[in-house]
Amino acid sequence: MPSKPTTTSFALLGLLGIKPWTAYEIVAQIKRGMHFFWPRSDAHLYAELKRLVERGHATAELVDGRRKQATRYTITPEGRAALADWFGTDPAAPLLEVEGFLRMFLGDQTTKENLRAALEATARHAREYHAKGNALIDELLTTGGPFPQRLHLIERQAMFIADFYRNLIEWCDETIAEIDEWRDTRDVGLTPTGRKQWERILAEPDP
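Under numbering that gives the first Met the number 0, the first residue of the sequence shown carries the number 0, and numbering increases by one thereafter.
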């Protein structure tokens, strides 16, 4: 019996709803943009494409490629119906997963040097992603990309992602400066600056 569709299933179906793709093309397209907010391994994506066919949500056919044959996937009417049903459901709650945050949370069990290095690495990764995102935005502004008619959808997410990585970099830099003021990672407690930050958060109106 075919497995139950996952959110990644519908991500792939949504792309197939735009046009047919070979497996290589659709994975490359996901790595180009969707990977910023829905990262999945290549192996997972290739396996999920096959499951779409098992569920009857897509068809697969061999086509001639540049060097060898490739498998091209096309959405079926059943796949479009499943995609339409998915859009009628509530999305899952948003998640935030940053290992640098986890290490900061547990930071009193390591040294200042290790904690500083972890945040420097987090900032470095964030700068790399920010640079990749900016390069994509520059390309889309210059050429319109392969789907210029969809840029009103892409722009909204690109703005959030750019701001997120910029905020993360600034947070890392500010937190590293704070760590440098500590005598140790243990038994520091809430600093006057930290208290002001929390009080500022509570003073802000609810969004």
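Ideal Cβ placement from N, Cα and C applies to all residues, glycine included.
Exercise. Which of the three DSSP states, helix, strand or coil, is assigned to D183?
Worked result: coil
Exercise. Do G78 and A46 come within 7 Å of each other at the CB atom, strictly closer than that value?
Worked result: In this structure, the beta-carbon distance from A46 to G78 does not fall below 7 Å.
Exercise. By a C-beta neighbour count over all protein chains shown, 10 Å radius and 16 as the cutoff for buried, is M33 buried or exposed?
Worked result: Classification of M33: buried, given that the 10 Å Cβ count is 16 or more.
Exercise. Just checking, does the stretch 48-65 make contact with the stretch 151-171 on the three C-beta pairs under 8 Å criterion?
Worked result: no
Exercise. With DSSP run on the structure shown, which of helix, strand or coil describes W37?
Worked result: coil
Exercise. Where do the N-terminal and C-terminal ends of the beta strand (DSSP E) with R71 fall, by residue?
Worked result: 68-74
For this session: May I ask you to report which of helix, strand or coil DSSP gives A81?
Result: helix
For this session: Helix, strand or coil for E60, going by three-state DSSP, please let me know.
Result: strand
Problem set entry | Under 7 Å between C-beta atoms of R31 and T7 | no
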